[in-house]
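Visitor: Just so you know, the sequences run in chain order G and X. Here full-length UniProt numbering is used: the first residue of the first sequence is 1, the next is one more, and so on. Here full-length UniProt numbering is used: the first residue of the second sequence is 1, the next is one more, and so on. Where a beta carbon is used, it is the ideal one built from N, C-alpha and C, also for glycine.
Protein chains: 2
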Amino acid sequence: MAGIRDVAAAAGVSVATVSRALNGHRSVSPETRERVLGAVDRLGYRPNAVARSLRTDRTRTLGLVISDVMNPYFTELARFTEEEARAHGYSVIIGNADERPELQDHHIRTLLDRRIDGLLVSPADGRSPFAPGTRLPTPPVVLVDRWVPGLDVTVIRAEGATAVRELVAHLHGLGHRRLAVITGPPATTTARERVEAFREALAEQGMHLPEEYVGEGDFRAGSGRRVTERFLDLPEPPEVVFATDNLMALGALDAIRARGLRVPEDIGVAAFDDIPWFQHTDPPLTAVAQPVADLARAAVGALVDLIEGRPARSVTLPARLVVRRSCGEPRAGTPLTPRPRRSA
Amino acid sequence: MAGIRDVAAAAGVSVATVSRALNGHRSVSPETRERVLGAVDRLGYRPNAVARSLRTDRTRTLGLVISDVMNPYFTELARFTEEEARAHGYSVIIGNADERPELQDHHIRTLLDRRIDGLLVSPADGRSPFAPGTRLPTPPVVLVDRWVPGLDVTVIRAEGATAVRELVAHLHGLGHRRLAVITGPPATTTARERVEAFREALAEQGMHLPEEYVGEGDFRAGSGRRVTERFLDLPEPPEVVFATDNLMALGALDAIRARGLRVPEDIGVAAFDDIPWFQHTDPPLTAVAQPVADLARAAVGALVDLIEGRPARSVTLPARLVVRRSCGEPRAGTPLTPRPRRSA
DNA sequence: GACCGGCATGTAATCGATTTCATCTGCCGT
DNA sequence: ACGGCAGATGAAATCGATTACATGCCGGTC
Numbered sequence: 001m002a003g004i005r006d007v008a009a010a011a012g013v014s015v016a017t018v019s020r021a022l023n024g025h026r027s028v029s030p031e032t033r034e035r036v037l038g039a040v041d042r043l044g045y046r047p048n049a050v051a052r053s054l055r056t057d058r059t060r061t062l063g064l065v066i067s068d069v070m071n072p073y074f075t076e077l078a079r080f081t082e083e084e085a086r087a088h089g090y091s092v093i094i095g096n097a098d099e100r101p102e103l104q105d106h107h108i109r110t111l112l113d114r115r116i117d118g119l120l121v122s123p124a125d126g127r128s129p130f131a132p133g134t135r136l137p138t139p140p141v142v143l144v145d146r147w148v149p150g151l152d153v154t155v156i157r158a159e160g161a162t163a164v165r166e167l168v169a170h171l172h173g174l175g176h177r178r179l180a181v182i183t184g185p186p187a188t189t190t191a192r193e194r195v196e197a198f199r200e201a202l203a204e205q206g207m208h209l210p211e212e213y214v215g216e217g218d219f220r221a222g223s224g225r226r227v228t229e230r231f232l233d234l235p236e237p238p239e240v241v242f243a244t245d246n247l248m249a250l251g252a253l254d255a256i257r258a259r260g261l262r263v264p265e266d267i268g269v270a271a272f273d274d275i276p277w278f279q280h281t282d283p284p285l286t287a288v289a290q291p292v293a294d295l296a297r298a299a300v301g302a303l304v305d306l307i308e309g310r311p312a313r314s315v316t317l318p319a320r321l322v323v324r325r326s327c328g329e330p331r332a333g334t335p336l337t338p339r340p341r342r343s344a
Numbered sequence: 001m002a003g004i005r006d007v008a009a010a011a012g013v014s015v016a017t018v019s020r021a022l023n024g025h026r027s028v029s030p031e032t033r034e035r036v037l038g039a040v041d042r043l044g045y046r047p048n049a050v051a052r053s054l055r056t057d058r059t060r061t062l063g064l065v066i067s068d069v070m071n072p073y074f075t076e077l078a079r080f081t082e083e084e085a086r087a088h089g090y091s092v093i094i095g096n097a098d099e100r101p102e103l104q105d106h107h108i109r110t111l112l113d114r115r116i117d118g119l120l121v122s123p124a125d126g127r128s129p130f131a132p133g134t135r136l137p138t139p140p141v142v143l144v145d146r147w148v149p150g151l152d153v154t155v156i157r158a159e160g161a162t163a164v165r166e167l168v169a170h171l172h173g174l175g176h177r178r179l180a181v182i183t184g185p186p187a188t189t190t191a192r193e194r195v196e197a198f199r200e201a202l203a204e205q206g207m208h209l210p211e212e213y214v215g216e217g218d219f220r221a222g223s224g225r226r227v228t229e230r231f232l233d234l235p236e237p238p239e240v241v242f243a244t245d246n247l248m249a250l251g252a253l254d255a256i257r258a259r260g261l262r263v264p265e266d267i268g269v270a271a272f273d274d275i276p277w278f279q280h281t282d283p284p285l286t287a288v289a290q291p292v293a294d295l296a297r298a299a300v301g302a303l304v305d306l307i308e309g310r311p312a313r314s315v316t317l318p319a320r321l322v323v324r325r326s327c328g329e330p331r332a333g334t335p336l337t338p339r340p341r342r343s344a
């Protein structure tokens, strides 16, 4: 509980000098600096971050609001975000919106109240994250993964359309023609992008997407299960179900297993967002993988640039298709697309 | 950027009155309160949490330091912790130690610097979390899941021994005799408890645990793979591998699959810490499940009690065995042990 | 009618740091 | 010899809230 005054007393200098010594100010003589530093660790003094923040108006803290911590994709994003932020000297406070806009708003308000220096958001819905009459001084903001159309803000995301097209080509190559999709909430850009890319890719291959092969989910396992059950009840069920996120794919697997059907023999499954667990599911899942670590790094980099007064540009990184066995055995000769990872 | 002075001016009162009105102080006349509240939302005023914390010496924030965010068990713990904390009016700052003691120390220091009101820790190793010369005023602390032997601190954890004994009985019942175990870092209490219980349970069943059937892991997938490979290289490999945490079980599955062996026909796998993904692995994994949500609730409850000056007791909650297919088909008649969940 | 108590409010101290401005001491140049 | 400047330090203002203490007023009591 030693304060700066105690250190000053112990070192026989004023609090101003202690502060200067600690902050590496130039005009402190080497001897006094030494004396101060000595007193500091003799007393085990640590500056009170709260007081410091009040005075300097900087908290050295970033806020990260994600849609769902339990989704491994976001867990990973959070983990790399913290890592990169720490490298820049920032802490991260994570807010879990649990896909609920009002919870997202709660976290954003709380974070702003705490005067974080910058905010990373992956919006739970299509509204501006600052809808609720926020006349707070908004710090720099960077959107990650998902974004909000009309909003002029730096966005760091992955380009999923190309990989989705590859996926469709892959499925077509395996002989599948009846492809269904489980979408996410239409308010999210990622859901829309993935479904649109899927629909267009089908068209390119001369297939089309009947209305009954489109089911709306909410990026949680439960909805994936329900939608898949509807697909299976169809007079002519699809040959492959494409889930636009990993948890819904899990739900799809559930539903299929509950009917006693086999993957991929009876029906194939593919997912957006690859995660380590997909290597171990039964069977291993074919999925589109985002470069999560790179996204996190780019996002933190951009945010820190903004905070420190430098400009920041939006970045789009490529996603890539990872073929496993959940849509049928790739025939010999099918290229496995481990393209070199390029950076945008 | 409106401050309390602006509100005071707008409402025609002093800052003291504004503060009192906002904090629900009794002696503010209804009319002035009304006037103040009006000004508040006309200006979109939100109190500066930093300034408030400095004055009141309370941040309404809890710190949560976990060993590994990417471990679904801890992710879930973090999620429920935040939920419960929010219900009590607290925010949570998560620190990910990544199983590295020095990173754990870093996070604890940072959290203390920020003057969190209380700290929840699941220690990465056996040392006191306050080893590094911390003469900071330590706020109330509660340990979750893992604990530190000599330390007199409230501990909220699950009792794994009973469930491990059930597991061994189950394996014995399936006819397995050669059982191996992948331990965690010996510095963690959870690793020791689980291995000890395992060893004792074997003894109870008249089996014993040869040294070469014990491999030390570090609670990460990679170590599970390496240890399992060693097991498989043995002249007489085990019939079942018990991983003392979920990620190492995943590694074990990897190693087994890499050899072209089948689970459970060639070798069985069981894990401590059940997670949703285990229903979808190939095959679904038999595991010991901890009541994570209850642990989180109890931990936050205890911590908040401590913070608010009430006493708090340590709590031990029961874990339970979830039998799936990874150790062989349970014969008809084997009880599936869905015992009613009791609370300690 | 003086006094007391409580209510409503204001003034100013306070939390623990940073930072502006002032002060003091040498030293240099002319 | 003296003005000026740079380096080292200290005193005090400051950040934006909360809160102890002071003040003024009103009503009730003896």
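How close, in whole Å, do the beta carbons of Val168 of chain G and Leu202 of chain G come, if the pair is a contact with beta carbons under 8 Å?
Guide: As a first step, residue 168 of chain G must be located in the first sequence, where it is residue number 168. As a first step, residue 202 of chain G must be located in the first sequence, where it is residue number 202. At roughly 6 Å, the Cβ-Cβ gap stays under 8 Å, so Val168 of chain G and Leu202 of chain G are in contact.
Visitor: Less than 8 Å between CB atoms is the rule here; does Thr32 of chain X satisfy it with respect to chain G?
Guide: The sequence position of residue 32 of chain X within the second sequence is 32, counting from 1. False, the Cβ-Cβ gap to chain G never drops below 8 Å.
Visitor: Return yes when the Cβ of Val240 of chain G is within less than 8 Å of the Cβ of Leu171 of chain G, no when it is not.
Guide: Indexing the first sequence from 1 puts residue 171 of chain G at position 171. Indexing the first sequence from 1 puts residue 240 of chain G at position 240. Taking 8 Å as the Cβ cut-off, Leu171 of chain G and Val240 of chain G qualify as a contacting pair.
Visitor: Grab the span of the beta strand (DSSP E) containing Pro318 of chain G for me, first residue to last.
Guide: For the purposes of this step, residue 318 of chain G is taken as the residue at position 318 of the first sequence. Here the beta strand (DSSP E) through Pro318 of chain G covers 315-318.
Visitor: Below 6 Å CB to CB, which residues in the same chain sit around Ala40 of chain G once its five sequence neighbours on both sides are set aside?
Guide: Here residue 40 of chain G refers to the residue found at position 40 of the first sequence. Reading off the sequence, residue 40 of chain G comes out as Val, not Ala. Excluding sequence neighbours, Val40 of chain G sits near Val7.
Visitor: Could you tell me whether the Cβ of Ala289 of chain G comes closer than 8 Å to any Cβ of chain X?
Guide: What you label residue 289 of chain G is simply residue 289 of the first sequence in a count that begins at 1. No, Ala289 of chain G lies away from the interface with chain X (no Cβ there is under 8 Å from its Cβ).
Visitor: Mind checking who Leu321 of chain G pairs with in its DSSP beta bridge?
Guide: Stepping through the first sequence from its first residue, residue 321 of chain G is reached at position 321. The partner list for Leu321 of chain G (beta bridge, DSSP) reads G:Val288.
Visitor: Closer than 6 Å by C-beta to Glu216 of chain G: which residues in its own chain qualify, once you throw out the five before and the five after it? Chain order, please.
Guide: Taking the first residue of the first sequence as 1, we reach residue 216 of chain G at position 216. Within the same chain, Glu216 of chain G has close Cβ partners Thr183.
Visitor: Count the other CB atoms, across all protein chains shown, that sit within 10 Å of the CB of Ala298 of chain X; report buried if there are 16 or more and exposed otherwise.
Guide: Position 298 of the second sequence, counted from the start, is the residue given in the question as residue 298 of chain X. Looking at its Cβ environment, which holds 16 or more other Cβ atoms inside 10 Å, Ala298 of chain X is buried.
Visitor: For the 8 Å Cβ check, are there 3 or more pairs between the region 53-62 of chain X and the region 20-36 of chain X?
Guide: The answer is no - the region 20-36 of chain X does not touch the region 53-62 of chain X, with fewer than three Cβ pairs under 8 Å.
Visitor: Output, in chain order, the set of chain X residues within a Cβ distance shorter than 8 Å of Val50 of chain G.
Guide: Within the first sequence, residue 50 of chain G is the residue found at index 50, counting from 1. Chain X residues near Val50 of chain G: Val50, Ser53, Leu54, Thr59, Arg114, Arg115.
Visitor: Just mark Thr138 of chain X as buried or exposed, buried being the case when its beta carbon has 16 or more other beta carbons within 10 Å.
Guide: The residue given as residue 138 of chain X occupies position 138 in the second sequence. The residue in question, Thr138 of chain X, is exposed, as its Cβ has fewer than 16 Cβ neighbours within 10 Å.
Visitor: Using the Cα positions of Gly309 of chain G and Ala296 of chain G, report the straight-line distance between them to the nearest angstrom.
Guide: What you label residue 309 of chain G is simply residue 309 of the first sequence in a count that begins at 1. What you label residue 296 of chain G is simply residue 296 of the first sequence in a count that begins at 1. Cα to Cα, Gly309 of chain G sits roughly 20 Å from Ala296 of chain G.
Visitor: If we call anything under 8 Å between Cβ atoms a contact, is Thr189 of chain X one with Asp125 of chain X?
Guide: On the second sequence, residue 189 of chain X is found 189 positions in, with the first residue counted as 1. On the second sequence, residue 125 of chain X is found 125 positions in, with the first residue counted as 1. For Thr189 of chain X and Asp125 of chain X, no; Cβs fall outside 8 Å.
Visitor: Which class does Glu216 of chain X belong to by DSSP, given the choice of helix, strand or coil?
Guide: Translated into positions along the second sequence, residue 216 of chain X becomes position 216. In this structure, Glu216 of chain X counts as strand in the three-state DSSP scheme.
Visitor: Rounding to the nearest angstrom, what Cα-Cα distance links Arg194 of chain G and Asn23 of chain X in this structure?
Guide: Counting from one through the first sequence, the residue named residue 194 of chain G turns up at place 194. Counting from one through the second sequence, the residue named residue 23 of chain X turns up at place 23. Each residue's alpha carbon lies about 48 Å from the other.
Visitor: Under the DSSP definition of a beta bridge, which residues are partnered with Thr56 of chain X?
Guide: Stepping through the second sequence from its first residue, residue 56 of chain X is reached at position 56. Per DSSP, none; premise fails for Thr56 of chain X.
Visitor: With a cut-off of 8 Å, does the C-beta of Met70 of chain X fall near any C-beta of chain G?
Guide: Working through the second sequence from its first residue, we reach residue 70 of chain X at position 70. It does: the Cβ of Met70 of chain X has a partner Cβ on chain G nearer than 8 Å.
Visitor: Out of X:Ala9, X:Leu321, X:Asp218, state which residue places its alpha-carbon closest to the alpha-carbon of Asp98 of chain X.
Guide: As a working note, residue 98 of chain X is residue 98 in the second sequence. Among X:Ala9, X:Leu321, X:Asp218, the Cα nearest to that of Asp98 of chain X belongs to X:Asp218.
Visitor: Who pairs with Ile94 of chain X in a beta bridge, going by DSSP?
Guide: Against the second sequence, residue 94 of chain X aligns to sequence position 94. The partner list for Ile94 of chain X (beta bridge, DSSP) reads X:Leu64.
Visitor: Applying a beta-carbon distance threshold of less than 7 Å, which residues of chain G neighbour Arg79 of chain X?
Guide: Within the second sequence, numbered from 1, the residue matching residue 79 of chain X stands at position 79. The contacting residues are Val69, Met70, Asn96.
Visitor: So, with DSSP's three-state summary, where would you put Arg5 of chain X?
Guide: Working through the second sequence from its first residue, we reach residue 5 of chain X at position 5. Helix at Arg5 of chain X.
Visitor: With a threshold of 8 Å between beta carbons, is Arg46 of chain G in contact with chain X?
Guide: Position 46 of the first sequence, counted from the first residue, corresponds to residue 46 of chain G. Cβ-Cβ to chain X under 8 Å: yes for Arg46 of chain G.
Visitor: When burial is assigned at 16 or more other CB atoms within 10 Å of the CB, is Pro149 of chain X buried or exposed?
Guide: For the purposes of this step, residue 149 of chain X is taken as residue 149 along the second sequence, with counting starting at 1. Exposed, since its Cβ has fewer than 16 Cβ neighbours within 10 Å.
Visitor: First and last residue of the alpha helix (DSSP H) that includes Ala78 of chain X?
Guide: In the second sequence, counting from the first residue as 1, residue 78 of chain X sits at position 78. Counting along the chain, the alpha helix (DSSP H) containing Ala78 of chain X begins and ends at 72-87.
Visitor: Roughly how many angstroms separate the alpha carbons of Pro283 of chain X and Arg109 of chain X, rounded to a whole number?
Guide: On the second sequence, position 283 is the one that residue 283 of chain X refers to. On the second sequence, position 109 is the one that residue 109 of chain X refers to. Cα to Cα, the separation comes out at about 43 Å.
Visitor: Here's the rule I'm using: 16 or more other beta-carbon atoms within 10 Å means buried, otherwise exposed. How should Ala11 of chain X be labelled?
Guide: Translated into positions along the second sequence, residue 11 of chain X becomes position 11. Buried, since its Cβ has 16 or more Cβ neighbours within 10 Å.
Visitor: Tell me which same chain residues have a C-beta within less than 7 Å of the C-beta of Gly333 of chain X, skipping the five on either side of it?
Guide: As a working mapping, residue 333 of chain X is identified with position 333 in the second sequence. In this prediction, Gly333 of chain X has a pLDDT of 44, which is less than 50 and means its spatial position is unreliable; what the coordinates show is noted afterwards. No residues qualify anywhere along the chain.
Visitor: Per DSSP, what kind of secondary structure is Arg157 of chain G in: helix, strand or coil?
Guide: By 1-based counting over the first sequence, the position of residue 157 of chain G is 157. DSSP places Arg157 of chain G in strand when its eight states are reduced to three.
Visitor: Measure the C-alpha to C-alpha separation of Val304 of chain X and Glu236 of chain X and round it to an integer number of angstroms.
Guide: One-based indexing of the second sequence puts residue 304 of chain X at position 304. One-based indexing of the second sequence puts residue 236 of chain X at position 236. The straight-line gap from Cα to Cα measures roughly 52 Å.
Visitor: Buried or exposed, going by whether 16 or more other CB atoms sit within 10 Å of the CB of Arg220 of chain G?
Guide: Against the first sequence, residue 220 of chain G aligns to sequence position 220. Under this definition Arg220 of chain G is a buried residue.
Visitor: Use the C-beta contact count for Met248 of chain X: other C-beta atoms within 10 angstroms, 16 or more gives buried, fewer gives exposed.
Guide: Taking the first residue of the second sequence as 1, we reach residue 248 of chain X at position 248. Buried, because 16 or more other Cβ atoms sit within 10 Å of the Cβ of Met248 of chain X.
Visitor: Does the beta carbon of Glu193 of chain G come closer than 8 Å to any beta carbon on chain X?
Guide: Position 193 of the first sequence, counted from the start, is the residue given in the question as residue 193 of chain G. Not one chain X Cβ lies under 8 Å of Glu193 of chain G.
Visitor: Can the beta-carbon of Ser314 of chain G be found closer than 8 Å to that of Thr154 of chain G?
Guide: Looking up residue 314 of chain G in the first sequence gives position 314. Looking up residue 154 of chain G in the first sequence gives position 154. The answer is yes: Cβ separation under 8 Å.
Visitor: Less than 8 Å separating the beta-carbons of Phe198 of chain X and Phe242 of chain X?
Guide: Looking up residue 198 of chain X in the second sequence gives position 198. Looking up residue 242 of chain X in the second sequence gives position 242. Yes, Cβ-Cβ distance for Phe198 of chain X and Phe242 of chain X is below 8 Å.
Visitor: Excluding the 5 residues flanking Leu261 of chain X on each side, which residues of the same chain have their C-beta closer than 8 Å to its C-beta?
Guide: Position 261 of the second sequence, counting from 1, holds the residue named residue 261 of chain X. So the list reads Leu232, Ile267, once near-sequence residues are dropped.
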